[in-house]
Amino acid sequence: MHFRQGRHHQNTGQNIIKVAETAEEAEKTIGKTVSWTSPAGKVIKGKISALHGKNGNVRAIFAEKGLPGQALGQKIKIE
């Protein structure tokens, strides 16, 4: 969905991802690995760390570099 951000800064290492319709369904994905494949074939992996709100959103942390802007709006794999 989008990067986690504050008033003045944007954190590209943390993303907010919509995974379910309710918080109870989204809670089952905490601790799982997520991966995004770039158009060049490089795979960037992260981990779902916590819920974000009550609408089925979760926070994913990509420890290496974070995700590029072109990843926003694309599908990712949850394993």
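Quick note on numbering: numbering that gives the first Met the number 0 labels position 10 of the sequence shown as 9, and the sequence is numbered without any gaps.
Built from N, CA and C at the ideal position, the CB exists for glycine as well.
| Asked | Found |
| --- | --- |
| Per DSSP, the bridge partner or partners of Asn10 | Arg3 |
| Proximity winner among Ala62, Val57, Lys31, Gly5, relative to Glu20 (alpha-carbon distances) | Val57 |
| Beta-carbon contacts of Asn10 that lie in its chain and below 7 Å, excluding the five residues immediately before and after | Phe2, Arg3, Gln4 |
| Own chain residues within Cβ distance below 8 Å of Glu78, not counting five before or after | Lys31, Thr32, Val33, Ser34 |
| Under the three-state DSSP convention, the category Thr32 falls into | strand |
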